[in-house]
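In what follows, a structure is listed as structure tokens, so that the remarks can point back to it.
Protein chains in written order, with our numbering: chain A, 994 to 1421; chain G, 994 to 1421.
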């Protein structure tokens, strides 16, 4: 097939007529498909149902140190959960705080605490004229929502396949004391599925920010969420690297079991230096008497150890890998030769990132919506919902059944073709 | 027995010699007893073990509206949990937000949100020179810890058996715009076990605060925590009363199942007006995708309805009533005629409040501690840990086994006698 970019006006118009006919067919199908959010599908949830049997009325609900998990106590988590989550996060249990059900909530609270009380004795951010965060783009909309909510100015930093532009980051943080943080999804990034290279992580660990209270918000949401057993990305462990670089307090690292067991009923955690932990616990003890220890115990009894969790993740991979491959196969087949879009081919995580021709993303998503396919809102991957290129689209393949997903992806590619052809026709 | 206050110097000295001998005996017993916190005992936790069987791998984890509780969704809780907790709180389900495991966390977050974003469009409290809270005293130490942490000035308001001094409250809030809130435990109060009278609640609902963003923090922690089936306190429902008074947005009402099922693994909730809910949800959607719906479902399946919960509370009462009665019997027997202390006799809740002679509380607690009995820290029931009378002591009878509790209470009364006798001797 000829590239759209090389077609004449007449060829484009002819192609468009055919495409519009096809689109009408889809409209007649009364679809209601959802590719908008990174939600596990039912089959994925089913593989964790054994966790519902991990505890029952006949088992002892005491944890290793003898604490009755049913009662108050243990602000920062039960010892065996720290070991399991420590293994999952590749950190020492002593550097782990186990929280409630949501790592997003932990990130929000971390920003909120910095706003009202500052970090390790520094001025509370709410007392400063200006606070800025760096935001690798495209990125995770819920990160950006937190910083926007707190009135923190967001500065986009371009992503590459090796991680964000480190030259730009080094330059910016070394000069501007108002820059207090950066949002990172370092492994199987949201939405591109990129993993930061060894060099990127090393450079992060060696940052010399002007602000003493600058922190890297390292959201390792997909640390063990591989799609393949034989093709896995590896990430240099950031806490260890920071320690080696003489920057031990530079990072807050977040993770959860939301996409391992149940979203909303998993356990979340933070890993950081002992100094940061001390600072955090001073606040945490005022906020709660402790998180849900019974659910922590339920997770540990279900997985037993990190090997159990790793084996469990293979089951997730077996369910969602065909979905990723189906989307990629259709994108390749339908758009591979047309030069009207590029997309990522991740080895893990929950998303595929698609970039259309400049100025087309909104129209593509709106067109798909009108035919019954909901994608993530256009520009959601950019701070303030402003994608200056209007090109990035996040594809979330995990939730729909595979036949729906194929149909939705085919419709999506059709919308890409129509909107692109219209654009090229206008410009021709 | 003669009142200590009527004894001569010689009589006091003689009495003291006998008491000190007894104290030495206790010291030789190597006790390690804890009456410090309002923790349920093991037997109380055991009655909720059936909840661990309420869900298993064979049951459908969908809630009434079809939502799969295992997945993301439903920011403010599952419908059937809103009904159950609504019945528990005596509020319409539409006025309920179900949260995570800790109502303290909800209160903390409510203050934190007011600090950074203000209430319903008003100036964020962190931008004000001064923010003050009224604190009925004696009160709950963890309430005071939250306001202290946020630098909010706390103004003590004396409690009576009908609730806090309403004349003083009406006067203060009508004049001072810096007063933004008040902490209330309106039923079976912490630590006195007093319940606010109908008139007190009505006057609360009719407050005309100078500050438009003044809110009553109504922590109804012990709403259904009766000790007796036949002697129960009733509380006028504050939200309804506020609505009638034309003050619909005046109250945030908090509750949880921490002392119904498992502390740390219960569900917490907030009840408030629709205006306040809208204001809160604007923030909440940035903080989390949702709370633990599986645990909400677990609670509903276990209790079925409010009748199930009410029956369950009778089992709690049967376990802790004898403990309260044992403490009260010993206090009566040992101190009843001595005029060196007064105490409350609650119909519910978790505490008995004891008031020693002025200037004695710290010494009593320290003396009990030295003989192996840990009480709640002296002055914990006052803001800033400063009890101007040094007289209030919170007794928490629920946690220790009853024989331990009796021993601990006997030692406590002995310490009260010694410290009081010493004081009177000095003054004689």
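Note that beta-carbon positions come from the ideal geometry of N, C-alpha and C, so glycine has one too.
Please read all numbers here as calculations on a predicted model, not as lab measurements.
Which stretch, first to last residue, makes up the alpha helix (DSSP H) that contains residue i?
{"i": "residue 1273 of chain G", "result": "1267-1280"}
{"i": "residue 1022 of chain A", "result": "It is not in any alpha helix (DSSP H) - residue 1022 of chain A carries neither H nor E in the DSSP assignment."}
Considering only the beta carbon of each residue, do residue i and residue j sit closer than 7 angstroms?
{"i": "residue 1220 of chain G", "j": "residue 1319 of chain G", "result": "no"}
{"i": "residue 1135 of chain G", "j": "residue 1097 of chain G", "result": "yes"}
{"i": "residue 1364 of chain G", "j": "residue 1404 of chain G", "result": "yes"}
{"i": "residue 1258 of chain A", "j": "residue 1042 of chain G", "result": "no"}
{"i": "residue 1167 of chain G", "j": "residue 1199 of chain G", "result": "no"}
{"i": "residue 1112 of chain G", "j": "residue 1206 of chain G", "result": "yes"}
{"i": "residue 1248 of chain G", "j": "residue 1089 of chain G", "result": "no"}
{"i": "residue 1386 of chain G", "j": "residue 1347 of chain G", "result": "yes"}
{"i": "residue 1295 of chain A", "j": "residue 1063 of chain G", "result": "no"}
{"i": "residue 1138 of chain A", "j": "residue 1170 of chain A", "result": "no"}
{"i": "residue 1284 of chain A", "j": "residue 1079 of chain A", "result": "no"}
{"i": "residue 1375 of chain A", "j": "residue 1150 of chain A", "result": "no"}
{"i": "residue 1060 of chain G", "j": "residue 1067 of chain G", "result": "yes"}
{"i": "residue 1209 of chain A", "j": "residue 1244 of chain A", "result": "yes"}
{"i": "residue 1091 of chain A", "j": "residue 1276 of chain A", "result": "no"}
{"i": "residue 1353 of chain G", "j": "residue 1412 of chain G", "result": "yes"}
{"i": "residue 1390 of chain G", "j": "residue 1181 of chain G", "result": "no"}
Under three-state DSSP, which class holds residue i?
{"i": "residue 1291 of chain G", "result": "helix"}
{"i": "residue 1155 of chain G", "result": "coil"}
{"i": "residue 1174 of chain A", "result": "strand"}
{"i": "residue 1126 of chain G", "result": "strand"}
{"i": "residue 1219 of chain G", "result": "strand"}
{"i": "residue 1243 of chain G", "result": "coil"}
{"i": "residue 1262 of chain G", "result": "strand"}
{"i": "residue 1395 of chain A", "result": "helix"}
{"i": "residue 1070 of chain A", "result": "coil"}
{"i": "residue 1330 of chain G", "result": "coil"}
{"i": "residue 1230 of chain G", "result": "coil"}
{"i": "residue 1193 of chain A", "result": "helix"}
{"i": "residue 1341 of chain A", "result": "strand"}
{"i": "residue 1146 of chain G", "result": "strand"}
{"i": "residue 1091 of chain G", "result": "strand"}
Quick one: does residue i have its CB under 7 angstroms from some CB of chain G?
{"i": "residue 1108 of chain A", "result": "yes"}
{"i": "residue 1255 of chain A", "result": "yes"}
{"i": "residue 1139 of chain A", "result": "yes"}
{"i": "residue 1105 of chain A", "result": "yes"}
{"i": "residue 1263 of chain A", "result": "no"}
{"i": "residue 1279 of chain A", "result": "yes"}
{"i": "residue 1046 of chain A", "result": "yes"}
{"i": "residue 1294 of chain A", "result": "no"}
{"i": "residue 1056 of chain A", "result": "no"}
{"i": "residue 1147 of chain A", "result": "no"}
{"i": "residue 1092 of chain A", "result": "no"}
{"i": "residue 1121 of chain A", "result": "no"}
{"i": "residue 1064 of chain A", "result": "yes"}
{"i": "residue 1111 of chain A", "result": "no"}
Verify the CB distance criterion: does residue i have a CB-CB separation below 7 angstroms to chain A?
{"i": "residue 1286 of chain G", "result": "yes"}
{"i": "residue 1032 of chain G", "result": "yes"}
{"i": "residue 1142 of chain G", "result": "yes"}
{"i": "residue 1208 of chain G", "result": "no"}
{"i": "residue 1343 of chain G", "result": "no"}
{"i": "residue 1088 of chain G", "result": "no"}
{"i": "residue 1050 of chain G", "result": "yes"}
{"i": "residue 1038 of chain G", "result": "yes"}
Beta strand (DSSP E) containing residue i: first to last residue?
{"i": "residue 1210 of chain A", "result": "1208-1212"}
{"i": "residue 1335 of chain A", "result": "1334-1336"}
{"i": "residue 1385 of chain G", "result": "1385-1388"}
{"i": "residue 1348 of chain G", "result": "1345-1349"}
{"i": "residue 1253 of chain G", "result": "Unbroken run through residue 1253 of chain G: none, as it is neither H nor E."}
Roughly how far, in whole angstroms, is the beta-carbon of residue i from the beta-carbon of residue j, given that I think they are within contact range, below 8 angstroms?
{"i": "residue 1179 of chain A", "j": "residue 1190 of chain A", "result": "Their Cβ separation, rounded to whole angstroms, is 10 angstroms, which puts residue 1179 of chain A and residue 1190 of chain A out of contact at 8 angstroms."}
{"i": "residue 1306 of chain A", "j": "residue 1382 of chain A", "result": "Actually they do not touch by this definition, with Cβ atoms about 34 angstroms apart."}
{"i": "residue 1400 of chain A", "j": "residue 1024 of chain A", "result": "7 angstroms"}
{"i": "residue 1143 of chain A", "j": "residue 1406 of chain G", "result": "At roughly 53 angstroms, the Cβ-Cβ gap does not stay under 8 angstroms, so residue 1143 of chain A and residue 1406 of chain G are not in contact."}
{"i": "residue 1081 of chain A", "j": "residue 1299 of chain A", "result": "6 angstroms"}
{"i": "residue 1341 of chain A", "j": "residue 1186 of chain A", "result": "7 angstroms"}
{"i": "residue 1153 of chain A", "j": "residue 1147 of chain A", "result": "Actually they are not in contact, since the Cβ atoms of residue 1153 of chain A and residue 1147 of chain A sit about 19 angstroms apart, beyond 8 angstroms."}
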